[in-house]
Amino acid sequence: MGFATDCIHVGQEPDPSTGAIVPPVYQTSTYVQEGVGKHKGYDYARTAHPNRRALERCVAKLEGGDAAYVFSSGMAAIDAVFRLLRPGDHVIVSQAVYGGVFRLTTQLLVEFGLSFDFVDTSDLNTIERALQPATKMIYVETPTNPTMLITDIAAVAELARAHNLTLVVDNTFLSPYLQRPLELGAHIVVHSMTKYLNGHSDCTGGAVVLTRREDAERIYFIQRSAGTGLAPMDCWLVARGIKTLPVRMEQHCKNGLAVAEFLEKHPKVKRVLYPGLKSHPQYEVARRQQRGPGAMLSFDLGTLEAAQRMLENVKLCALAESLGGVETLISLPALMTHASVPAAVRQRIGITDGLVRLSVGIEDAEDLIADLDQALAKV
Ligand SMILES: Cc1ncc(COP(=O)(O)O)c(C=O)c1O
173 MGFATDCIHV GQEPDPSTGA IVPPVYQTST YVQEGVGKHK GYDYARTAHP
223 NRRALERCVA KLEGGDAAYV FSSGMAAIDA VFRLLRPGDH VIVSQAVYGG
273 VFRLTTQLLV EFGLSFDFVD TSDLNTIERA LQPATKMIYV ETPTNPTMLI
323 TDIAAVAELA RAHNLTLVVD NTFLSPYLQR PLELGAHIVV HSMTKYLNGH
373 SDCTGGAVVL TRREDAERIY FIQRSAGTGL APMDCWLVAR GIKTLPVRME
423 QHCKNGLAVA EFLEKHPKVK RVLYPGLKSH PQYEVARRQQ RGPGAMLSFD
473 LGTLEAAQRM LENVKLCALA ESLGGVETLI SLPALMTHAS VPAAVRQRIG
523 ITDGLVRLSV GIEDAEDLIA DLDQALAKV
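Sequential numbering of the sequence shown, starting at 173, is according to the numbering used here.
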């Protein structure tokens, strides 16, 4: 079946006991057993429940994986992936990774004997230089947040294969509709389902999609041991959101391009970072590995004051963290999503004080452009 059909039907079969076209929310913590250890596949909701199993089937199918596990947030999913490692192991991470991943790795996981190097994964030579005998994993975010650098997934997968490393790709910014890292050679995909997969900004969620049986067994063990699986109602919400993923992503891409082109021509904007613009340094790589440019973009207003003034004057765009919802969100990475990254590191990796990030929603593009235009006039 095609991708859109899978979005609507995989894990969304009508309820056999009532005929309800939408499967119910199994809002229960435990399941009655016919005899000791004799049950219908579920005994306790931390371990598994029907809404989670259904969503996991759907997400695995959409990413082209063999198995998927869904978690209470993207960070819970990412934490589970790093727990596949052992003390002493080393990981190479994209340098402008989401601030929460930077915090998890540098402030928490290092205390358990893991080590991390943050490098520009869009440059293969830089990755090779960072390799150590203890390196076990490469963790890539592409495009990066909020610098919009693209990593060539197939090329890094080749390098990972040559050195027997696990390649993990965070596919949050594009969703499986626009990018399928497993087909390009990655071993594991992670998602913050809080973003495009759900698409409606009404719950958090994370996913790990796997290709190797031993990884899948270990991730499920971690999920049920740590109790980080996604709750029934939240699984139901994400599953509902996924049904419209293809149409939402098409509109996100159209609006993203329209807004990026407007900003690129605006005299107060120093530069626009968006993989759908020909001015993007990795425009060709993005075209090759992505079905569309997505709707995340950043633009530089030069100073913190200019950026703050703009953010205080938008009316339709909402000043908020997060991304990937139907509504347009605007944020200032240096003071918001990436505040946990030290200022010197932010400067080095291009998260300047005047950099504004937009998650372009699916409102009418003219209304978004009019709002940005009036806010820029006040800068
Ligand atoms: C690219 C990316 N990965 C992971 C996460 C973490 O996801 P969550 O907020 O659902 O824990 C985020 C959150 O913003 C993100 O932007």
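Glycine included, every Cβ here is placed at the ideal spot set by N, Cα and C.
Does DSSP put residue i in a helix, a strand or coil?
i, result
"R224", "helix"
"I180", "helix"
"H363", "strand"
"G401", "strand"
"D289", "strand"
"A490", "strand"
"L495", "coil"
"L257", "coil"
"A248", "helix"
"L356", "helix"
"T323", "coil"
"A511", "coil"
"V197", "coil"
"S189", "coil"
"L296", "helix"
"S451", "coil"
"L337", "coil"
Please name the residue, chosen from the options, that lies closest to residue i on a Cα-to-Cα basis.
i, options, result
"F254", "K415, T344, I325 and T338", "T338"
"V263", "A492, L286 and H438", "L286"
"L429", "F393, S347, S531 and Q395", "S531"
"N223", "V208, A249, G246 and V194", "V194"
"S245", "E228, C375 and V441", "C375"
"H424", "E436, V441, G533 and Q519", "G533"
"P514", "G271, T202 and A248", "G271"
"A252", "S347, G401 and K442", "G401"
"Y311", "P305, S294 and T319", "S294"
"S364", "N336, P353, E355 and S347", "S347"
"F274", "P404, P186 and I250", "I250"
"A248", "M320, V380, K210 and S373", "V380"
"V419", "A398, Y368, S373 and Q461", "Y368"
"G466", "D472, L445, T475 and N485", "L445"
"V528", "T323, P505 and E535", "P505"
"E422", "A458, E433, R463 and H452", "R463"
"I502", "D472, R518, A516 and A327", "D472"
"L483", "G496, V498, R459 and M508", "M508"
"G174", "T219, L234 and G183", "L234"
"Y241", "E355, A220 and R301", "A220"
"A432", "M320, F290 and V362", "M320"
"S201", "S189, G497 and Y214", "Y214"
"E538", "G474, C489 and H510", "C489"
"T323", "K440, N343, H211 and N336", "N343"
"V441", "C179, L548, R301 and Q184", "L548"
"P259", "A268, V282 and L354", "V282"
"R225", "C407, D545, G448 and E330", "C407"
"S266", "N317, F345, Y392 and F284", "N317"
"G371", "A478, V498, I394 and A329", "V498"
"M405", "A232, T177 and F243", "F243"
"S470", "F434, G236 and G377", "F434"
Run the proximity test for residue i: is its beta-carbon closer than 7 Å to any non-hydrogen atom belonging to ligand 1?
i, result
"I250", "yes"
"F471", "no"
"M405", "no"
"F345", "yes"
"N317", "yes"
"S512", "no"
"G378", "yes"
"S451", "no"
"G466", "no"
"S503", "no"
"E228", "no"
"D342", "yes"
"E313", "yes"
"L495", "yes"
"Y216", "no"
"M247", "yes"
"Y241", "no"
"T383", "no"
"T307", "no"
"Y270", "yes"
"S364", "yes"
Using DSSP bridges, identify the partner residues of residue i.
i, result
"T202", "Y216"
"K210", "G207"
"D342", "E313 and V362"
"M421", "According to DSSP, which records beta bridges pairwise, M421 is partnered with nothing at all."
"V444", "F471"
"I264", "D289 and I310"
"G378", "F243 and S364"
"S503", "R529"
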